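Q: Here it is, the structure, as structure tokens.
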Amino acid sequence: MPDAAAWLERIRALTLPHPVRVLNVCGGHERTIGMAGLRGVLPDNVVLIPGPGCPVCICPEEDILSAIQLALVPGVIFVAFGDMLRVPANVAKSEIRSLVEARAQGADVRPIASPADAVAIARANPNRQVAFFVAGFETTAAPVAAMLHEGLPDNLSLLLSARRTWPAVALLLNSEAAGFEGLIAPGHVATIMGPEEWRFVVDRHGIPTAIAGFTAGSILAALYSVLRQIAEKRPFLDNCYSAFVRPAGNRRAQDCLADQFDDIDAAWRGIGTIPASGFALKPHWAGHDARLLFPNHLEGVRRRVGDMPPGCDCARVVMGRISPVECRLYGKACTPRTPVGPCMVSDEGACRIWWANGQRPDTADAARQ
Amino acid sequence: MCLAVPMRIVSITGHLASCEAKGVHRDVSLTLLADQAVVVGDHILVHVGYAIQTISAADACSTWDLFDEISLALDQAGA
Chain R
219 MPDAAAWLER IRALTLPHPV RVLNVCGGHE RTIGMAGLRG VLPDNVVLIP GPGCPVCICP
279 EEDILSAIQL ALVPGVIFVA FGDMLRVPAN VAKSEIRSLV EARAQGADVR PIASPADAVA
339 IARANPNRQV AFFVAGFETT AAPVAAMLHE GLPDNLSLLL SARRTWPAVA LLLNSEAAGF
399 EGLIAPGHVA TIMGPEEWRF VVDRHGIPTA IAGFTAGSIL AALYSVLRQI AEKRPFLDNC
459 YSAFVRPAGN RRAQDCLADQ FDDIDAAWRG IGTIPASGFA LKPHWAGHDA RLLFPNHLEG
519 VRRRVGDMPP GCDCARVVMG RISPVECRLY GKACTPRTPV GPCMVSDEGA CRIWWANGQR
579 PDTADAARQ
Chain H
6 MCLAVPMRIV SITGHLASCE AKGVHRDVSL TLLADQAVVV GDHILVHVGY AIQTISAADA
66 CSTWDLFDEI SLALDQAGA
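Heads up: the protein sequence lines correspond to chains R and H, in order. Numbering of the first sequence is given in our numbering, commencing with residue 219 and proceeding in unit increments. Numbering of the second sequence is given in our numbering, commencing with residue 6 and proceeding in unit increments.
Structure (structure tokens):
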């Protein structure tokens with residue numbers, strides 16, 4: 219397997235018919251791209267665009283507000299992956315805007331690293347209700363389905379806000395201007411769901427696609443594949459992470475998802491409803507559905523579509539329409555210390571990743587190269 | 006949230022495997038690998054406490070190298 223430098227040489231040797239924009243849809247990919255400084259070493263006519271790869275960033279505000287309300291229910295222990303705790307909702311400063319603020323007001327909010335932690339906390343506190351806020355893509359939804367398969371304590375309920383990745387890419391491709399000519403598909407989503415989920419990008423839209431792993435070499439291998447497909451006008455679905463992504467993915471995990479969840483149309487923050495992009499608990503789990511268990515506490519939660527804070531361009535960043543440094547708030551009102559939008563909160567968020575790699579507003583021109 | 010970590014299985018009890026990676030020990034659920042023959046010594050890809058695929062020892066090692074780079078970079082960024 220050639221190393222990153224060798225892939226880069228191959229990329230530079232290609233003759234492209236036109237400038238090319240390649241979308242990635244995984245925060246892990248974006249982190250490697252930023253860390254390795256790949257944008258700075260690619261030919262000028264190749265632009266890498268971070269796309270909808272951050273589940274925290276697209277978690278709808280309605281669900282963040284529901285989470286805050288549930289956390290404030292007396293006696294409830296509220297558990298969530300750590301990234302979710304600081305995501306701000308767009309409410310008045312006098313109101314509680316995040317789970318961290320809820321905790322400061324006395325709510326029992328605990329960060330967890332695994333669904334198994336939620337089960338352990340519920341077992342250790344049999345006289346209290348434990349609510350688990352599940353945001354994530356297929357990589358997280360499958361372990362949660364496994365947790366359900368293994369069996370839940372009676373006092374553990376779920377606020378489910380998990381999403382599928384490919385429907386967001388389908389939404390982009392079905393819009394008037396997709397904004398990209400090649401796709402690097404997410405390696406660990408494909409490890410579970412299999413590569414075929416991405417075939418529609420090639421077959422229906424003629425867009426070259428390659429599944430990548432998480433080293434700089436693997437991402438450059440996938441990029442080379444995509445660019446070569448463009449140069450040769452021969453789009454196909456390439457798997458550049460075949461050591462992990464088997465032809466059918468992980469069928470057991472897919473079965474687990476199908477056994478525990480129904481597909482539903484679901485809201486993406488700032489973007490709107492995307493068909494068949496969400497998971498809902500199967501009806502036999504109704505007794506563990508936090509939305510059904512605590513209806514009175516969720517009555518007041520607002521349902522809105524355009525729910526990013528004023529001036530925040532996270533929705534356009536998530537969909538790859540602009541780069542983080544093109545947001546008016548980036549690095550000014552919005553920094554990791556005082557995040558305005560979710561893309562600056564999450565480790566998977568493009569804004570947070572660009573900031574961590576030293577991109578500042580005054581270096582915006584350099585960043586676009 | 007979608008980054009997964011390779012670990013080596015040290016022991017298996019029911020659907021739970023005791024796993025190790027670079028001196029870190031974790032209990033990992035094998036529920037999502039229930040249709041694969043997984044044994045002690047195998048390497049698995051672990052995400053949020055659940056094994057999502059079996060992998061070779063060589064691929065586990067190359068992925069560990071990546072995580073060393075990421076943690077080094079995060080340290081340098083003060084994150």
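Each residue gets a CB set at the ideal place from its N, CA and C atoms; glycine is no exception. Since the structure is predicted, the reported quantities are computational estimates derived from the model, not experimental observations.
(1) Mark G559 of chain R as exposed unless 16 or more other C-beta atoms lie within 10 angstroms of its C-beta, in which case mark it buried.
(2) Pick out whichever of R:D372, R:L317, R:V348, R:Q447 has its Cα sitting closest to the Cα of P306 of chain R.
(3) Report the residue from R:F512, R:D531, R:P579 whose alpha carbon sits nearest the alpha carbon of P292 of chain R.
(4) Considering only residues of the region 271-356 of chain R, which uninterrupted beta strand (DSSP E) runs meet the minimum length of 3 residues and lie entirely inside it, listed in chain order?
(5) Is R470 of chain R close to chain H, meaning its C-beta is less than 7 Å from at least one C-beta of that chain?
(6) What does a CB cutoff of less than 6 Å around V523 of chain R pick up in its chain, not counting 5 residues either side in sequence?
(7) Output yes if chain H places a C-beta closer than 7 Å to the C-beta of P361 of chain R; else output no.
(8) If you drop the 5 nearest sequence neighbours on each side, which residues of the same chain put their C-beta closer than 6 Å to that of I14 of chain H?
(9) Beta-carbon separation of E368 of chain R and T36 of chain H under 7 Å?
(10) Identify whether A439 of chain R lies in helix, strand or coil by the three-state DSSP scheme.
(11) When you compare the region 372-386 of chain R with the region 433-441 of chain R, are there three or more beta-carbon pairs, one atom per stretch, that lie closer than 8 Å?
(12) Pull out every residue of the region 419-446 of chain R whose Cβ sits closer than 7 Å to any Cβ of chain H, in chain order.
(13) So P513 of chain R is in the beta strand (DSSP E); what residue range does that whole segment cover?
(14) Can you find a CB in chain R that lies within less than 7 Å of the CB of T18 of chain H?
(15) If you drop the 5 nearest sequence neighbours on each side, which residues of the same chain put their C-beta closer than 6 Å to that of V264 of chain R?
(16) To the nearest angstrom, how far is it from the Cα of F479 of chain R to the Cα of A320 of chain R?
(17) How would you label T233 of chain R, buried or exposed, when you count the other beta carbons within 10 angstroms and need 16 or more for buried?
(18) Out of R:W572, R:C458, R:I482, point me to the one whose CA is closest to P220 of chain R's CA.
(19) Look up P560 of chain R in the DSSP assignment and give the residues it is bridged to.
(20) Following the continuous beta strand (DSSP E) through L234 of chain R, name the residue where it begins and the one where it ends.
(21) Can you give me the start and stop residues for the alpha helix (DSSP H) that L391 of chain R sits inside?
(22) Which whole-angstrom value is the C-beta distance of V337 of chain R and P371 of chain R, which I expect to be below 8 Å?
(23) Short check: CB of V10 of chain H to CB of V51 of chain H, under 7 Å?
(24) Spatial neighbours of R254 of chain R within its chain, please: CB distance less than 6 Å, with the 5 preceding and 5 following residues excluded, ordered by chain position.
(25) Please list, in chain order, all residues of the same chain as G269 of chain R whose beta carbon is under 8 Å from its beta carbon, the five residues on each side excluded.
(26) What does the Cβ neighbour count give for D32 of chain H, buried or exposed, with the cut at 16 atoms within 10 Å?
(27) Can you give the Cα-Cα distance for A56 of chain H and G324 of chain R, rounded to whole angstroms?
(28) Within 10 angstroms of its Cβ, does T68 of chain H collect 16 or more other Cβ (buried), or is it exposed?
(29) Assuming L303 of chain R and A349 of chain R form a contact by the criterion Cβ under 8 Å, report the distance between their Cβ atoms to the nearest whole angstrom.
(30) Per DSSP, what are the beta-bridge partners of N242 of chain R in this structure?
(31) Quick one: grab the DSSP three-state call for I571 of chain R.
(32) Using 8 Å as the threshold, is the region 446-454 of chain R in touch with the region 401-414 of chain R, meaning 3 or more CB pairs across them?
(33) State buried or exposed for C277 of chain R, treating a residue as buried only when at least 16 other CB atoms are found within 10 Å of its CB.
(34) Quick one, are the C-beta atoms of Q347 of chain R and H515 of chain R less than 7 Å apart?
(35) Verify the CB distance criterion: does S121 of chain H have a CB-CB separation below 7 Å to chain R?
A: Let's see:
(1) buried
(2) R:L317
(3) R:F512
(4) 295-299, 326-330, 348-354
(5) yes
(6) Unreliable positioning characterises V523 of chain R in this predicted model, as indicated by a pLDDT of 47, which lies under 50. The coordinate reading is nonetheless provided below. G490, listed in sequence order.
(7) yes
(8) A22, C24, V45, D47
(9) yes
(10) helix
(11) no
(12) F432, T433
(13) Segment 513-516 is the alpha helix (DSSP H) holding P513 of chain R; no beta strand (DSSP E) there.
(14) no
(15) V238
(16) 29 Å
(17) exposed
(18) R:C458
(19) Partner(s): none; P560 of chain R has no beta bridge.
(20) No beta strand (DSSP E) holds L234 of chain R; DSSP gives it neither H nor E.
(21) 384-392
(22) 6 Å
(23) yes
(24) The displayed chain sequence assigns Ala, not Arg, to residue 254 of chain R. Hits under 6 Å: A434.
(25) L241, N242, V243, A386, V387, L390, F398, V536, M537, G538
(26) exposed
(27) 35 Å
(28) buried
(29) Between A349 of chain R and L303 of chain R the Cβ distance is about 14 Å, and since that is not below 8 Å, they are no contact.
(30) R:P268, R:I402
(31) helix
(32) no
(33) buried
(34) no
(35) Absent from the model: residue 121 of chain H. The displayed extent of chain H is 6 to 84, so no value can be given.
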